[in-house]
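Trainee: Before I ask anything, let me first share the structure, which is written out below as structure tokens.
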Amino acid sequence: MINASENCCLFTAGSANQLKKGPIYSFINQTQYYLELIILLHMAFLLVSAYFLLTHTQGAPVENGALLETLKSQVGLFSNKSEHYSAQVRPPGTSRRIPQTIIIGVRKGGTRALLEMLDIHPNIVVAATEVHFFDWDENYVKGIDWYRSLMPFSYGNQITIEKTPGYFTSPQAPERIHDMNSSIKLLLILRDPTERVISDYTQVYYNRVESHKPVQLFEDIVIKNGALNTKYKAIQRSLYDVHMEKWLKHFSLDQIHIVDGNTLIKDPLPELQKVERFLNLPSRIMSSNFYFNQTKGFYCIRSDGRERCLHESKGRPHPLVNNTVLEQLYSYFREHNAKFYRMVNHSFDWH
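Structure, rendered in structure tokens:
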């Protein structure tokens, strides 16, 4: 039976863009924080003052919040004002750069966990959100400058990394990334394809429940007319050999490092050390950066004096799947897995 916990994506993106380089930069970060706080308090003072001024001089109540919204617009006090200001602060000597490395997938394979773990390294800065530049046409037409504008500020000795799991299965992404940088290094994290299908279903299931939309049982989606529904998108995404073939048309195998997602959640350090070597980075990630959370049942991260684990939306329990259906999935993926192993010259401990 498949393990009920989805442990592939371990950490939140709370510190994705922080530059963690010692006491000088800590001082800069603290100074920036207090400056933002002063500005925020000043704007709040202006808002309150203007509110009392208008209500006292006009003697009219605030109807439907219209007056309040007008005042907020005038003084610039919006809910994301401080976030916008923070995003525009440029530490001296830094710039926004196009990623030198991209985590291209796979969806529900552990991309968030991998990104957050790599963020421990002082020579790595990461984009906090999935950009979907190379797989969504509506973003790609915005151009490379738009893409660059979404990257974090970095120093010359740092590698910028973004991750968008949808890239791996996108027909357009390989060529588009190659056109941007033909020598780029790519990271691909994979897990047992059957586990990935069930995890994919689980995410959609909970999203539909939270949106009060109707849901179907896993078996009712995977099995149609007594046979495996191979057109199910979650199954299509797990055909690693089919997607890998498209990437190898544009990139050599030595440009793509495959991270074993199943191993990463059990013993993170060895997998991360392989990534450090692949990226030609000094070894900086240590065993002390991880601790096993007995309550959650997987590893969490410890860095910069803080501890953090996955967001509540991660690690949701998987459904119990009928053994007959599991065997059908195992059987279907077996040939695809074998072909994939030959493509990458490496075998994995998958069913």
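Each residue of the sequence shown is one higher than the one before, starting from 1 at the first, in full-length UniProt numbering.
Backbone N, C-alpha and C fix where the C-beta goes; we use that ideal spot for every residue, glycine too.
Please read these numbers as outputs of a predicted model, since none were measured by experiment.
Do you know how far the Cα of residue 227 is from the Cα of residue 242?
Mentor: Cα to Cα, the separation comes out at about 21 Å.
Trainee: Assuming the contact rule is C-beta atoms closer than 8 Å, residue 279 and residue 185 should be a hit. Round their C-beta distance to whole Å, please.
Mentor: About 6 Å; that satisfies the 8 Å criterion.
Trainee: For the structure I just gave you, are there three or more beta carbon pairs, one from the segment 191-200 and one from the segment 139-149, closer than 8 Å?
Mentor: Judged by Cβ distances under 8 Å, the segment 191-200 makes no contact with the segment 139-149, as fewer than three pairs qualify.
Trainee: Grab the span of the alpha helix (DSSP H) containing residue 261 for me, first residue to last.
Mentor: Its alpha helix (DSSP H) spans residues 261-266.
Trainee: Just curious, the alpha helix (DSSP H) that residue 163 is in, first and last residue?
Mentor: Not the alpha helix (DSSP H): residue 163 falls in the beta strand (DSSP E), residues 159-163.
Trainee: Quick one: residues in its chain with C-beta nearer than 7 Å to the C-beta of residue 325, no 5 flanking neighbours on either side, listed in chain order?
Mentor: The residues are 219, 222, 223.
Trainee: Counting along the chain, where does the alpha helix (DSSP H) carrying residue 206 start and finish?
Mentor: Note, residue 206: alpha helix (DSSP H), 193-210.
Trainee: What residues in its chain sit with their C-beta under 7 Å from that of residue 347, if we drop five residues either side in the sequence?
Mentor: Excluding residues within five positions, the ones whose Cβ falls inside 7 Å are 341.
Trainee: By the three-class DSSP mapping on this structure, what secondary structure does residue 173 have?
Mentor: Correct three-state label for residue 173: helix.
Trainee: Could you give the C-beta distance for residue 159 and residue 124, rounded to a whole number, given that I count them as a contact under 8 Å?
Mentor: Right, their Cβ atoms sit about 5 Å apart.
Trainee: Is DSSP giving residue 340 helix, strand or coil here?
Mentor: It is helical.
Trainee: Please return the same chain residues whose Cβ sits closer than 6 Å to the Cβ of residue 126, not counting the five positions on each side in sequence.
Mentor: Same-chain partners within the cutoff: 16, 115, 119, 161.
Trainee: Should the segment 129-138 be regarded as contacting the segment 172-184, the criterion being three or more beta carbon pairs within less than 8 Å?
Mentor: Yes, since at least three Cβ pairs between the segment 129-138 and the segment 172-184 fall closer than 8 Å, the two stretches touch.
Trainee: So if DSSP puts residue 333 in a beta bridge, which residue, or which two residues, is it bridged to?
Mentor: Partner(s): none; residue 333 has no beta bridge.
Trainee: Taking 6 Å as the limit between beta carbons, can you name the residues of its chain near residue 257, skipping five residues before and five after?
Mentor: Closer than 6 Å at the Cβ level, and outside the excluded window around residue 257, lie 187, 278.
Trainee: Can you give me the Cβ contacts of residue 273 inside the same chain, cut-off strictly under 8 Å, excluding the 5 residues immediately before and after it?
Mentor: Contacts found: 283, 285.
Trainee: Kindly identify the DSSP beta-bridge partner or partners of residue 227.
Mentor: DSSP output for residue 227 lists 224 as bridge partner(s).
Trainee: Between which two residues does the beta strand (DSSP E) holding residue 126 run?
Mentor: Here the beta strand (DSSP E) through residue 126 covers 124-126.
Trainee: Assign residue 107 to buried or exposed, taking buried as 16 or more other Cβ atoms, counted over all protein chains shown, within 10 Å of its Cβ.
Mentor: Burial call: buried.
Trainee: Would you say residue 284 lies against chain B (beta-carbon separation less than 8 Å)?
Mentor: The displayed structure is made up of one protein chain only, and chain B is not part of it.
Trainee: When we look at the beta-carbon of residue 200 and count the other beta-carbons within 10 Å, is it buried (16 or more) or exposed?
Mentor: Its Cβ being crowded by 16 or more others within 10 Å, residue 200 is buried.
Trainee: Using the DSSP secondary-structure output, state which residues sit across from residue 307 in a beta bridge.
Mentor: DSSP lists 302 as partners of residue 307.
Trainee: Starting from residue 147, follow the alpha helix (DSSP H) in both directions and report where the run begins and ends.
Mentor: Looking at the DSSP string, the run of the alpha helix (DSSP H) that includes residue 147 is 144-149.
Trainee: Per DSSP, what kind of secondary structure is residue 346 in: helix, strand or coil?
Mentor: In this structure, residue 346 counts as coil in the three-state DSSP scheme.
Trainee: Across which residues does DSSP place residue 293 in a beta bridge pair?
Mentor: Residue 293 pairs with 298.
Trainee: With a CB to CB cut of under 7 Å and the five nearest residues on each side skipped, what residues in its chain are close to residue 261?
Mentor: Excluding positions up to five away in sequence, the list reads 8, 109, 110, 189, 190, 191.
Trainee: Based on the DSSP secondary-structure assignment, which residues constitute the bridge partners of residue 103?
Mentor: Residue 103 is bridged to 163, 187.
Trainee: Please state whether DSSP places residue 96 in a helix, a strand or coil.
Mentor: The answer is strand: DSSP assigns residue 96 an E or B state.
Trainee: Mapping the DSSP letters down to three states, classify residue 152 as helix, strand or coil.
Mentor: It is coil, neither helix nor strand.
Trainee: Can you give me the Cβ contacts of residue 234 inside the same chain, cut-off strictly under 7 Å, excluding the 5 residues immediately before and after it?
Mentor: Once the five neighbours on either side are set aside, the close Cβ partners of residue 234 are 197, 200, 201.
Trainee: Can you check whether the CB of residue 93 is closer than 8 Å to the CB of residue 167?
Mentor: Not in contact: residue 167 and residue 93 (Cβ atoms no closer than 8 Å).
Trainee: To the nearest whole angstrom, what separates the beta carbons of residue 269 and residue 290, a pair I think is in contact under 8 Å?
Mentor: Between residue 290 and residue 269 the Cβ distance is about 7 Å, and since that is below 8 Å, they are a contact.
Trainee: Got a sec? Which residues, its chain only, sit under 6 Å from residue 98 by beta carbon, not counting five neighbours each side?
Mentor: Here the set comprises 148.
Trainee: Between 95, 113, 329, which lies nearest to residue 231 when the distance is taken from Cα to Cα?
Mentor: Nearest option by C-alpha distance: 329.
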